[in-house]
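One line per chain: the protein sequences are A and B, in this order. Each residue of the first sequence is one higher than the last, beginning at 1 in this note's numbering. Each residue of the second sequence is one higher than the last, beginning at 1 in this note's numbering. The beta carbon of each residue, even a glycine, is placed where N, CA and C say it ideally should be. Computed from a predicted structure; not experimentally measured. Take a look at the structure below.
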Amino acid sequence: MVSQIRSLGRYGVESIQSIGRAGMLFAQSVTWGGPGSAGFRDLIRQIYSVGVRSLSIIIVAGFFVGMVLALQGYNILVKFGSVSALGTMVSLTLLRELGPVMAALLFAGRAGSALTAEIGLMKATEQLSAMEMMGVDPLKRVVTPRLWAGVISVPVLALLFSTVGIWGGAFVAVDLLGLYDGAYWSNMANTVTFYEDVVKGLIKASVFGLVVTWIAVYQGYDSAPTSEGIGKATTQTVVISSLAVLGLDFVLTAVMLGGV
Amino acid sequence: MQMRNVELMVGGFMVMGIIALVLMAFRVSGLSMEAGGETYTLKARFENLGGLTERAKVSMSGVTVGKVSRIYLDKEWYMAVVEMEIDSNAMATLSTDTSAAILTAGLLGEKYIGLTVGAEADYLADGDWIHETQSAIVLEELIGRFFLDKAEG
Chain A
1 MVSQIRSLGR YGVESIQSIG RAGMLFAQSV TWGGPGSAGF RDLIRQIYSV GVRSLSIIIV
61 AGFFVGMVLA LQGYNILVKF GSVSALGTMV SLTLLRELGP VMAALLFAGR AGSALTAEIG
121 LMKATEQLSA MEMMGVDPLK RVVTPRLWAG VISVPVLALL FSTVGIWGGA FVAVDLLGLY
181 DGAYWSNMAN TVTFYEDVVK GLIKASVFGL VVTWIAVYQG YDSAPTSEGI GKATTQTVVI
241 SSLAVLGLDF VLTAVMLGGV
Chain B
1 MQMRNVELMV GGFMVMGIIA LVLMAFRVSG LSMEAGGETY TLKARFENLG GLTERAKVSM
61 SGVTVGKVSR IYLDKEWYMA VVEMEIDSNA MATLSTDTSA AILTAGLLGE KYIGLTVGAE
121 ADYLADGDWI HETQSAIVLE ELIGRFFLDK AEG
């Protein structure tokens, strides 16, 4: 009994310690500069490996999500005789919610887990301590460009997700279900506002990008330097960052829309 | 992978993002480039706006000729004042007895202002008031009136 209480206490203390380490990692790696700091080229290389290589999954997923939204929406709206609102429904759903959230979730699975495994393996093979010995700060060299690459890539991916989704919705609604395409596009253009819907969606996506990459690099940097530890850290990244994205989505929406 | 190819791919990625943003701005959210075009302001008082909002369309015979730029309450008249921006080429056809009505697009659609040209020979100028106005039809009032008529009859 006593040992159970003791282990519960240790778990609590360790969790708070780990949050503290994550905060310190963020504070030390968010800015550029210092000995052996990563340059602009490293940022480009990281955008390539987390952003460009996630493109295919984002585009395919976006197209299918847009198509299924249009199909479901059509079947519901047709009962109320307001099929002309379909374009508005598809575009607002994608821009405000599904674009940022789905892009961040797919990013966590596709790029976040890879980041954790990469940094974890660097730690296990003592590349990070080798850098320290050479006087290079591994946080500035390894973590900083990855963190910023995530912040830059996720909004772009979310935007592409929404764009492809809206065109996928148009494909189903106009070409397959025979909706008049003027109704789809012009009602959308009348209702969607650039700042309220597009820009706020992008702000959300940037925050998600930051949080997902932060969790991924922290899990890699903090993992036990064994193959089991790397595997565990990779799983943790996907689980924690998915939950963080969904939870933050509600908070950000409440803050932006107000009224809660 | 060669660094040049990486740079090319990342450049392409960012360009795709910018193209998507431009599509979002102009195709999806309907921002228009004609903001710099010459517009004239007209004002009208309405008893009830019934859900008309800023940026709503102003149309003539179904053609959009402008938009609602500002809505405020006139404290002397206890009426809503709507300021509209009208495109300069549509402005030349509006006579002084033009009337404005708040209409609904479809059964449950959004509210817009419909202008109907009158018969006077003089034309409206920038900043003029439209005196002939018709308020939005509020369903609750209609239903209330209908029940009142039933009760009396």
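request  = Quick one: list the residues of chain B neighbouring residue 212 of chain A, beta-carbon separation under 8 Å, in chain order.
outcome  = Against the first sequence, residue 212 of chain A aligns to sequence position 212. Those within 8 Å of residue 212 of chain A in chain B number zero; the least Cβ separation is about 18 Å.
Beta-carbon contacts of residue 206 of chain A that lie in its chain and below 8 Å, excluding the five residues immediately before and after = Position 206 of the first sequence holds residue 206 of chain A. 151, 154 and 155, listed in sequence order.
Beta-carbon spacing of residue 79 of chain B, residue 41 of chain B below 8 Å = Within the second sequence, the letter at position 79 stands for residue 79 of chain B. Within the second sequence, the letter at position 41 stands for residue 41 of chain B. For residue 79 of chain B and residue 41 of chain B, no; Cβs fall outside 8 Å.
request  = Indicate whether residue 262 of chain A and residue 116 of chain A have their beta-carbon atoms separated by less than 8 Å.
outcome  = In the structure as shown, chain A begins at 1 and stops at 260. Residue 262 of chain A is therefore absent and cannot be evaluated.
task = Compute the beta-carbon to beta-carbon distance between residue 93 of chain A and residue 71 of chain A, rounded to the nearest angstrom, for a pair I have assumed lies under 8 Å.
result = By one-based count along the first sequence, residue 93 of chain A stands at place 93. By one-based count along the first sequence, residue 71 of chain A stands at place 71. At roughly 13 Å, the Cβ-Cβ gap does not stay under 8 Å, so residue 93 of chain A and residue 71 of chain A are not in contact.
ask   = How far does the alpha helix (DSSP H) with residue 21 of chain B in it reach, from first residue to last?
value = Position 21 of the second sequence, counting from 1, holds the residue named residue 21 of chain B. From DSSP, the alpha helix (DSSP H) with residue 21 of chain B extends over 3-23.
key: residue 78 of chain B (DSSP reduced to helix, strand or coil)   = Reading the second sequence from its first residue, position 78 is the one you call residue 78 of chain B. Of the three classes helix, strand and coil, the one that applies to residue 78 of chain B here is coil, per DSSP.
ask   = Quick one, are the C-beta atoms of residue 66 of chain B and residue 86 of chain B less than 8 Å apart?
value = For the purposes of this step, residue 66 of chain B is identified with residue 66 of the second sequence, where counting begins at 1. For the purposes of this step, residue 86 of chain B is identified with residue 86 of the second sequence, where counting begins at 1. Yes, the Cβ-Cβ distance between residue 66 of chain B and residue 86 of chain B is below 8 Å.
ask   = In chain order, which beta strand (DSSP E) runs of at least 3 residues are fully inside the stretch 41-66 of chain B?
value = 57-60
query = Which same chain residues, not among the five before or five after residue 238 of chain A, have their C-beta less than 8 Å away from its C-beta?
reply = Mapped onto the first sequence, residue 238 of chain A falls at position 238. Only 108, 109, 112 and 113 meet the Cβ criterion.
query = Which residues bound the beta strand (DSSP E) around residue 227 of chain A?
reply = In the first sequence, counting from the first residue as 1, residue 227 of chain A sits at position 227. Careful: residue 227 of chain A lies outside any beta strand (DSSP E), inside the alpha helix (DSSP H) at 227-257.
request  = Give the residues from the stretch 170-189 of chain A that approach chain B closer than 9 Å (Cβ to any Cβ), ordered along the chain.
outcome  = 185, 186, 187, 188 and 189
key: Span of the beta strand (DSSP E), counted from its first residue to its last, around residue 114 of chain B   = As a working note, residue 114 of chain B is residue 114 in the second sequence. 111-116 is the extent of the beta strand (DSSP E) around residue 114 of chain B.
request  = Check whether the Cβ atoms of residue 164 of chain A and residue 66 of chain A sit closer than 8 Å, and answer yes or no.
outcome  = Residue numbering aside, residue 164 of chain A sits at position 164 when the first sequence is read from its first letter. Residue numbering aside, residue 66 of chain A sits at position 66 when the first sequence is read from its first letter. In contact: residue 164 of chain A and residue 66 of chain A (Cβ atoms closer than 8 Å).
request  = Kindly indicate which residue of A:224, A:54 and A:253 has the alpha-carbon position closest to the one of residue 126 of chain A.
outcome  = As a position in the first sequence, residue 126 of chain A is number 126, starting the count at 1. Considering only alpha carbons, the answer is A:224.
query = Could one say the Cβ of residue 85 of chain B lies closer than 8 Å to chain A's Cβ atoms, at least one of them?
reply = The sequence position of residue 85 of chain B within the second sequence is 85, counting from 1. Chain A contact via Cβ: absent.
ask   = Who are residue 83 of chain B's beta bridge partners in DSSP?
value = The sequence position of residue 83 of chain B within the second sequence is 83, counting from 1. Partner(s): B:43 and B:70.
task = Mind reading off the beta-carbon distance from residue 215 of chain A to residue 241 of chain A? Whole number of angstroms is fine, and I expect it under 8 Å.
result = The residue you call residue 215 of chain A lines up with position 215 of the first sequence. The residue you call residue 241 of chain A lines up with position 241 of the first sequence. Contact flag correct, Cβ pair sits at about 4 Å.
request  = Would you list, in chain order, the members of the stretch 41-55 of chain A that have their beta-carbon closer than 8 Å to a beta-carbon of chain B?
outcome  = 41, 44, 45, 47, 48, 51, 52 and 55
ask   = DSSP beta-bridge partners for residue 132 of chain B?
value = Here residue 132 of chain B refers to the residue found at position 132 when the second sequence is read from its first residue. DSSP output for residue 132 of chain B lists B:99 as bridge partner(s).
request  = With DSSP collapsed to three states, give me the class of residue 180 of chain A.
outcome  = The count along the first sequence starts at 1 and reaches residue 180 of chain A at position 180. The answer is coil: DSSP assigns residue 180 of chain A none of H, G, I, E or B.
ask   = Quick one: what's got a C-beta closer than 8 Å to residue 12 of chain A's C-beta in the same chain, skipping five residues either side?
value = Against the first sequence, residue 12 of chain A aligns to sequence position 12. For residue 12 of chain A, where only same-chain residues beyond five positions count, there are no Cβ hits under 8 Å.
task = Could you name the residues of the same chain whose beta carbon sits closer than 6 Å to that of residue 132 of chain B, not counting the 5 residues immediately before and after it, in chain order?
result = For the purposes of this step, residue 132 of chain B is identified with residue 132 of the second sequence, where counting begins at 1. 99, listed in sequence order.
inquiry  = Using a Cβ-Cβ distance cut-off of 8 Å, determine whether residue 60 of chain B contacts chain A.
reply    = Residue 60 of chain B sits at position 60 when you count from the first residue of the second sequence. It does not: the Cβ of residue 60 of chain B has no partner Cβ on chain A nearer than 8 Å.
Status (buried if at least 16 other CB within 10 Å, exposed otherwise) for residue 39 of chain B = Within the second sequence, numbered from 1, the residue matching residue 39 of chain B stands at position 39. Buried, because 16 or more other Cβ atoms sit within 10 Å of the Cβ of residue 39 of chain B.
ask   = To the nearest angstrom, how far is it from the Cα of residue 68 of chain B to the Cα of residue 49 of chain B?
value = In the second sequence, the residue the question calls residue 68 of chain B occupies position 68. In the second sequence, the residue the question calls residue 49 of chain B occupies position 49. Taking the straight line from one Cα to the other gives about 12 Å.
request  = With a floor of 4 residues, list each alpha helix (DSSP H) that falls wholly inside the stretch 35-98 of chain A, ordered by position along the chain.
outcome  = 40-50, 55-77 and 86-92
message = Please list, in chain order, the chain B residues whose beta carbon lies closer than 7 Å to that of residue 91 of chain A.
response = Reading the first sequence from its first residue, position 91 is the one you call residue 91 of chain A. Ordered by position in chain B, the residues that pass the 7 Å Cβ test against residue 91 of chain A are 28.
message = Is the beta carbon of residue 25 of chain A closer than 8 Å to that of residue 184 of chain A?
response = By 1-based counting over the first sequence, the position of residue 184 of chain A is 184. By 1-based counting over the first sequence, the position of residue 25 of chain A is 25. The answer is no: Cβ separation not under 8 Å.
Residue of A:137, A:148 and A:198 minimising C-alpha distance to residue 212 of chain A = Taking the first sequence and counting its residues from 1, the one referred to as residue 212 of chain A is at position 212. If we check each option's Cα against that of residue 212 of chain A, A:148 comes out closest.
Neighbour list for residue 166 of chain A in chain B, Cβ cutoff strictly below 8 Å = Position 166 of the first sequence, counting from 1, holds the residue named residue 166 of chain A. Those within 8 Å of residue 166 of chain A in chain B are 28.
task = Evaluate the contact criterion for the stretch 119-136 of chain A versus the stretch 15-22 of chain A: three or more CB pairs, one atom per stretch, below 8 Å.
result = no
request  = Determine which residues share a DSSP beta bridge with residue 104 of chain B and list them.
outcome  = For the purposes of this step, residue 104 of chain B is taken as the residue at position 104 of the second sequence. According to DSSP, residue 104 of chain B bridges with B:111.
query = Where does the unbroken alpha helix (DSSP H) through residue 162 of chain A begin, and where does it stop?
reply = As a working note, residue 162 of chain A is residue 162 in the first sequence. Its alpha helix (DSSP H) spans residues 144-170.
ask   = Under a Cβ-count criterion, where at least 16 other Cβ atoms within 10 Å of its own Cβ denotes burial, should residue 138 of chain A be classed as buried or exposed?
value = Within the first sequence, numbered from 1, the residue matching residue 138 of chain A stands at position 138. The residue is buried, with at least 16 neighbouring Cβ atoms inside 10 Å.
query = Name the chain B residues that come within less than 8 Å of residue 159 of chain A, Cβ to Cβ?
reply = Position 159 of the first sequence holds residue 159 of chain A. Neighbours of residue 159 of chain A on chain B, chain order: 17, 20, 21 and 24.
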